[in-house]
Structure formats: structure tokens, C-alpha cells
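K.L.:
Protein chains in written order, with this note's numbering: chain A, 19 to 460; chain B, 19 to 460.
Ideal Cβ positions, reconstructed from N, Cα and C, are used throughout, including at glycine.
Please read these numbers as outputs of a predicted model, since none were measured by experiment.
Below is one structure. I have some questions about it.
Have a look at this one:
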């Protein structure tokens, strides 16, 4: 496979080490006990949405498919496992031949989800499925958290474009995945060159305060920038005095100056003053970009301000208060024996600790009302009721180990917009609330 | 260089794309204006600690050194920048020869820091320094956030070991860096095999609920695990009924059973009951590991419980409420011209927006009281007062582009423990408060 398909802007020999130690010791014990080949069904779901959130957004599925395809134990990895005595020789021999050969179904990327939604269903032998737990959860928990925040910001921003610029606030490779998830959630562009390289997301950026400070005067800095980047550039106007900077900017770039950026202060007030000043200077088409510690609430509060675009960093890449989801990967059914024809038995944890779950291989469908608006997430085992047959949510992603559902990121992005638009109107309220539709178990 | 030194368990051709688009457009404009070669000093600092935190922990420095060393623009990267018209041909030619040739000083990794501490100082031409902003901040903001949470957890845990097991709750490569930062902050082991592979951190793990559910009975599962992993293993006892599970566990493994793990329920209550039961069964040396949604407060609340080790996931990798730091990379001084002998001029943003900073190349020292306890973080420009000369915090990390300060992770970990121990006692209070020592500007 092409290592460029890994979802990373790097060559990665394998995703097999993105795995918790216990996945391998379980494998060893199951191989030894003769239970490793029992056909098994694992499901990814979440018991709750983050507090106050009304819907979740599935993101990272494309990266999961890449990770599964590339999950191999090469000589270097096997040597490490041997040296550290993680597992025995019989298990190492088994791992050397590992290649996922099972089936994966899941919610298509960009779909919305609710508590209990079976987001991903991985089916195969216990051995081949259990190993994938950690990397699948890492990807979905991270990417879905970012996409959910992005989706709220995008609905708050309405038609105004959002720029992702959070790379400096998170791990350098998490940043690339965050750009991707933000794009799925509705962002238009990113500052992160690696995200542009890997995913083709449009990248943007012009200058920082350091550029102004490098020069002997703000005027010199603006002139240097316009000379090099053209009149369509975006000038940063809050290094010294905003009013003076705007005057200088239009003087140097002319009335066709592309945009000014404001990165501090009371954005509502400053944006109004800058708009008025730009208009008075004849720069009526010059746009205003704001970029200071924005989140979905700040974006919403600027709805009436003369702002043309928002740049969002910290709050996007940290999921706006919820940097991870609580998705889990649970065994929900397994065969009674290693016989491939043995029937599946539903299983579930049953202790009093509150972390119980529903056993059995599940289907899910979204029931709509007469106006086509979602009214319930219906989750069940067994036969799908005929009236929900064409509203089913899970699609085939991997068949017999082969990925069958790659798709362009723009398709995913459009799917998300459509899915969000089909939710009740209260879905995009920013105030805290419950899931916008209930989950019903059949 | 060895790509294994990148801080990633992967081969990465370059770190140069972990960069915001605007760093390159600033470079182009400065090259065009003749200001790119002005000698410049950039500093990394934070204006505040996360709300309620009393100290910060520097982590990621080792990864920064790797990233700087490997920051190169190869043909693939240059081709991308050309195709997307990020910068012009003259700038691409400059980038093709890029190699950082300046100097970096910084707080040694593992040190504590406070608002205004000049954590890292990067000096060279504007052009060569400005490019490093994004990747340096990504690494330090992420890793230091995790290390700060780890340090609080470690002081709450006292002598009991902490196991890092958050890989599934964060981006798969952020997880590796998080394991490293947790180790710096005082964690003992990790579940993440990639962190073991890359950084030599001891990895641990035995089994999950899925392993119990795979088998026809809990008894079968325990027998399979003990047969394969030995009596010293850790059995997970909360899949069905804890009391019955503990009885079965000791029956099968014998009184030398290594440990039992409890992953749900009222851990204080359950730990007491399990300890009593284990003792009654003669398994007095069998340890109890708890692992359910722990943070530093939950760890502290279990101080009086018969618990031998804590496993921490979500709250560790998300920085226990603060998944990023607010470190910035600011130009604080630059030459008046491109002449290498031109004097440096202090510079700083001055607008009314609140994001102001202190110009000038800084030193920092930690002043101690008579008992050797830290009493102030002293930050200044110009000459260092003689009485603080041997308490200076910045050390040389890169000299003329060459890394001069690599060190083993255990050295960093010990440094952190020593630095924390030298703070006033109130540093490790978990309740919200101010910085435990003030920052004084000289």
C-alpha cells in the first residue's frame, strides 16, 4: 500500500504499535486457550455525548481504514516485542502473518451520532479484531471530538468562512488530523501546510506580529508585505494602534487591499470601527478577518458584526472543552466455539459499576417524521423493521479485509452538512442541552 | 540524522511541513524587503498558567531538538509549495538550502515554569528563526500540558506507581508524546507499545473485559490467562460480580496472584472489600490496581484506600482539563540592519488588546530562600545580578545549529522531581490557586 494513505504526512512503516500492551497479552492467552479463533463482533459506541452537546459527528473513518490496512508486524516491531518479552514465540509467529481479514461496517464519515449509536462494527476472529481496538479508538475519539466542535462553530458562523489555525496548540501530527476533522465539520481552509500536503485542504496565511516588529516601522512592514504578496493580501493591523494601522494599510495597498486581520481587543467594537474607517477610506471591498481566542460562542456573538471570516485555533483543536469522545470498543457477540459455523452469543459486561452495555450485533436507523426531520435514533438486534429498512445507517467499509469504501473528503464534508440539516432545529442551539433526538432500543 | 530521533515511532522525511502557511509568506516578504537576515531573538513564554494551576512543567524539549535538526525542505515538500503557489521561486531556492544555524537556549526539560518564564530562546536570522515557530509551539504546548497533569497526579499518588493508559483517548501519535510527557511528570509505565518502542518506557497490560466475555465463563477466562501469563498476572475482576471473581481468581492463580484490577464502581469501597477478601483468602501480597476515569482528585481521594497502583487514561492525555498551554513564540529583539554587528533593539507588541509582552533578550533565575525553597522567578534583560548568577535557568541547547544537550529521559524525570520538591509546599495542593511563586521583572 501507499504509505501516503496513512492519514499522516509521513512514511509510517506500520500502525501496529499504536496498540495497548494488553491487546497482545490477550491474544497470547486466547491462542493458548484455543479461543482466539472464535468469531467475534466488536462495536464502537459512546454511552453519552459530552455534557450539553446535542449531537456527535463521526470523523476519522477514512483514517481508520488506512490504519487497518497498514496494521502489520514487521521485523523491527517483532524484534521489539521479543526483546521486551511482551508475548511468546508462538504469538510472535502468529503476528508475523497478521493481516485483518474480517468485515467492518460503520456510520459513514460525516454522519451525526447519538448515545448508543453503533458507529463501527468489526467482525472476524477474536484475535484479529481485538488487536485493532486501540488504534481505532485513538482515531475516532480524537477526530470526532474536533469535528463536533468544528460543526458547532460552522453553524454559528453561517455563511462566513472559518480558517483552522490551531496547529501550534496541539501535537504536530494531531494538528494534521484536526485540520482534516475541521474540514469535515465545515471549516473552509487551514493554516497547516501538512494538512494541505496530505489532504489537499486549502491553506492560507500572510503574516504575524513578528513581521511588523522586524521592520523599522509598521509602514515599512506593510510595504514589504504588499510588495511581495500583492494588494490582495491580509494585513495585520493590531501591533501598535489599530486606527493608524488601517490608515497606513489602505494608503500603501490602495482601496483594493484584500483584508485586514484583528487579533486582539474587543472584536465586536473594533470590527465596527475598522469597517467604518475602511468604508470612509474607499476600501469598501476590503474584508475583515478576526482571530483572537474564538470559540463557537464568540463566533455567534459576532454575527451582527461586520466580520468576513473567522480564524480559530485553540478551541478548535481542543474540541471546545471536550478534547476527546468517550467512545469504547466492546465485544458484543462471539461464537460458542472456534467452529466457523458456531452461532453467535450476545455478551455484555454486567457488573454494578455503571459501565454496562447492550449485547448483540446491532443495526441502527434514523427515523424521520413526516417533514423528513430526524425524530429518533433506533438501535436494535435481529431483524430490521421494514419501515426502517431504507433508513439504515451502517454501510460496508471493509469486506474480507479489503477496504471497499474510500471517498473524497469533500463528499464527507457535504454528508455532514446534509446530516446536520436533517436534525431538528434545536440541534444547532449552542446552549447546553440533551441529545436532540432520543435513542430507542428495539 | 536518524529518523528514529524524531520523537515519533515512524520514519518522517521532514518536520518542515508542521508549519503554518504564514511563516513562509513572511519569509518571502522579508527576503524581498532585505530584512530576512536581521539578527533576531524569539522567546517562548506563557502569559499565564492554566486557571488554578500553581506551576507549569517544561516538557517536549528533546522532541523540539529533534524537530529542529530535521527541519528540511526536500524535493517533495518544495514541489508541493510550488504547485500550491505558497511562495515564489526565490523563496523556494532559499528553502532548499535551509538548515537552522542559530543558537537555542532554554529551561532544561523537566524544570518547572511560571508566567513570563523565558522557556526557550531562539536566536539567528529572522528568516531561519521564524520558520520554527509552529512546530516548536506544537510540541511544547502539547507535551507540557500533559506533563503538568502528570506531575499533579504523581504528587497525589505519592509512592504508588501510575500507569499511563490513555492512548485510545487521543490522536495515535499524540498518545506516544503523551506517554513520554507522563513519564517526565512522574508516571512509571505505559500501556502504549509505540512509547515503549520509541522511548524505552516500560509497557504493561494484561487483559480487558472482552477477554472474559470471549470465554464460556469467567473461570475459563482466568484459567486461560493464568495458564498463559503466569500467576503473577493481573486479573480483571469486575466483569460480572467482583466478590465471586476475586474468589475464583485466587482459586485459580493461588495466593501468589500478582494483582487484581478494578475498573468500575465506587473504587474506595470496592478496594477495601477486595483487600479484605484477598487477605482472608491468604493472598496478602496480591496487589490491587484501579483504573476507572481517574484524575488527580480521584487519586488523592484514594490515598487511604488499600490501592497499590493507579491506571490513568483520559484525564492524563487531555491534560486534566487543560489540554494545551498558552505558550507563544514572540520576537523580542532584532538588529537594526542585516549587518551581523548591528545592535539588537528590543521589540514588543503594544496595542490595547491585552496581548502585550516584554521586549528584550531575557535571562531567568530562581531565587531561593535560606532553606533552599524557591521564592521567586526572576526575569530580566541586561546583566544578571551577581547573587543570582548561579541560579540561572536557561541552558545551551543548540549552538550554531548543532544540538549540544541531548539527555536520557530518566535524567529529565529526576530533574522534574527535584524541581518540584524545591517549590514551596503549597505547590502540590490540588485546590485552585495562584502561581506558587511570583515572577519578578528586573
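Compute the Euclidean distance between the alpha carbons of residue 55/A and residue 183/B, then round it to the nearest angstrom.
P.N.:
Computed Cα separation, rounded: 27 Å.
K.L.:
Closer than 7 Å, Cβ to Cβ, to anything on chain B: give me those residues from the region 185-208 of chain A, in chain order.
P.N.:
So the close ones are 185, 186, 187, 188, 189, 190, 191, 192, 193 and 195.
K.L.:
Mind pulling the chain A residues with CB within less than 9 Å of residue 224/B?
P.N.:
By Cβ distance, chain A contributes 39, 40, 43, 44 and 47.
K.L.:
Using DSSP with H/G/I as helix, E/B as strand and the rest coil, what is residue 347/A?
P.N.:
Of the three classes helix, strand and coil, the one that applies to residue 347/A here is strand, per DSSP.
K.L.:
Should residue 211/A be flagged as near chain B, meaning a C-beta pair shorter than 8 Å?
P.N.:
Interface residue, yes.
K.L.:
Consult DSSP for residue 338/A and reduce its assignment to one of helix, strand or coil.
P.N.:
Of the three classes helix, strand and coil, the one that applies to residue 338/A here is helix, per DSSP.
K.L.:
Which of the three DSSP states is assigned to residue 291/A in this structure?
P.N.:
Residue 291/A falls in the helix class under three-state DSSP.
K.L.:
Would you say residue 72/A and residue 358/A are within 8 Å of each other, going by their C-beta atoms?
P.N.:
In this structure, residue 358/A does not lie closer than 8 Å to residue 72/A by Cβ.
K.L.:
For chain B, is any of its Cβ atoms less than 8 Å away from the one on residue 327/A?
P.N.:
No, because no Cβ of chain B sits closer than 8 Å to the Cβ of residue 327/A.
K.L.:
Comparing C-alpha positions only, which one of 343/A, 113/A, 368/A and 356/A sits nearest to residue 131/A?
P.N.:
Nearest C-alpha to residue 131/A: 343/A.
K.L.:
How about residue 295/A and residue 313/A: are their beta carbons less than 8 Å apart?
P.N.:
For residue 295/A and residue 313/A, no; Cβs fall outside 8 Å.
K.L.:
Which residues, taken in chain order from the region 225-249 of chain A, show a beta carbon closer than 9 Å to some beta carbon of chain B?
P.N.:
For the region 225-249 of chain A, which is checked against every Cβ of chain B, the residues closer than 9 Å are 225, 226, 227, 228, 229, 230, 231, 232, 233, 234, 238, 239, 241, 242, 243, 244, 245, 246 and 247.
K.L.:
For a contact defined as C-beta to C-beta under 7 Å, what are the partners of residue 214/B on chain A?
P.N.:
The answer, in chain order, is 102.
K.L.:
Return the CA-CA distance between residue 110/A and residue 99/A, expressed in angstroms with no decimal places.
P.N.:
Roughly 8 Å between the two C-alpha positions.
K.L.:
Return the first residue and the last residue of the alpha helix (DSSP H) that residue 380/B is part of.
P.N.:
Looking at the DSSP string, residue 380/B is not in any alpha helix (DSSP H); the run it does join, the beta strand (DSSP E), is 380-386.
K.L.:
DSSP puts residue 448/A in a beta bridge; with which residues?
P.N.:
Answer by DSSP bridge pairing: none, since residue 448/A is not bridged.
K.L.:
Beta-carbon of residue 183/B versus every beta-carbon of chain A: anything under 8 Å?
P.N.:
Interface residue, yes.
K.L.:
Taking the straight line between their C-alpha atoms, what separation do you get for residue 21/B and residue 324/B?
P.N.:
Note that residue 21/B scores a pLDDT of 35, beneath 50, so its modelled location is shaky; the value from the coordinates is reported in the next line. The straight-line gap from Cα to Cα measures roughly 44 Å.
K.L.:
Is the number of C-beta pairs between the region 430-449 of chain A and the region 159-172 of chain A that are closer than 8 Å three or more?
P.N.:
These segments touch.
K.L.:
At a CB-CB cut-off below 7 Å, which residues of chain B make contact with residue 153/A?
P.N.:
Chain B residues near residue 153/A: 190.
K.L.:
For the 8 Å Cβ check, are there 3 or more pairs between the region 139-152 of chain A and the region 101-121 of chain B?
P.N.:
Touching, no, given that fewer than three Cβ pairs across the two stretches are closer than 8 Å.
K.L.:
Three Cβ pairs or more, each shorter than 8 Å: is that satisfied between the region 184-191 of chain A and the region 208-225 of chain B?
P.N.:
The answer is no - the region 208-225 of chain B does not touch the region 184-191 of chain A, with fewer than three Cβ pairs under 8 Å.
K.L.:
Determine, for residue 50/B, whether the minimum Cβ-Cβ distance to residues of chain A falls below 8 Å.
P.N.:
Output row for residue 50/B: interface = yes.
K.L.:
According to DSSP, is residue 456/A part of a helix, a strand, or is it coil?
P.N.:
Three-state DSSP puts residue 456/A in coil, outside helix and strand.
K.L.:
For residue 381/B, which residues in the same chain have their Cβ closer than 7 Å to its Cβ, ignoring the five residues on either side in sequence?
P.N.:
Cβ within range, chain order: 398, 402, 410 and 412.
K.L.:
By the three-class DSSP mapping on this structure, what secondary structure does residue 201/B have?
P.N.:
Here residue 201/B sits in helix by DSSP.
K.L.:
For residue 244/A, I'd like the list of residues in its chain whose CB is within less than 7 Å of its CB, leaving aside the five on either flank, ordered along the chain.
P.N.:
Correct list, in chain order: 251, 270 and 271.
K.L.:
Alpha carbon to alpha carbon, how far is residue 67/B from residue 310/A?
P.N.:
Looking at the two C-alpha atoms, the distance is approximately 18 Å.
K.L.:
Compute the distance between the beta-carbons of residue 153/B and residue 33/B, then report whether it is under 8 Å.
P.N.:
Yes.
K.L.:
Select from 37/B, 263/B, 50/B and 62/B the residue whose C-alpha is nearest the C-alpha of residue 346/B.
P.N.:
Here the closest residue by C-alpha is 62/B.
K.L.:
Less than 8 Å between the beta carbons of residue 128/A and residue 434/A, yes or no?
P.N.:
Yes, these two residues count as a Cβ contact at 8 Å.
K.L.:
Grouping DSSP H, G and I as helix and E and B as strand, with all else coil, what is residue 461/A?
P.N.:
The displayed coordinates of chain A run from 19 to 460. Any statement about residue 461/A would go beyond what the structure contains.
K.L.:
Give the DSSP-derived three-state secondary structure of residue 63/A in the structure shown.
P.N.:
It is a strand residue.
K.L.:
Between the alpha carbons of residue 238/B and residue 263/B, how many angstroms are there, rounded?
P.N.:
If I take the Cα positions, the gap works out to 12 Å.
K.L.:
In the DSSP output, which residue or residues are listed as bridge partners for residue 121/A?
P.N.:
141/A.
K.L.:
Just the chain B side, please: which residues come within less than 7 Å of residue 341/A by C-beta, in chain order?
P.N.:
Result: 336 and 341.
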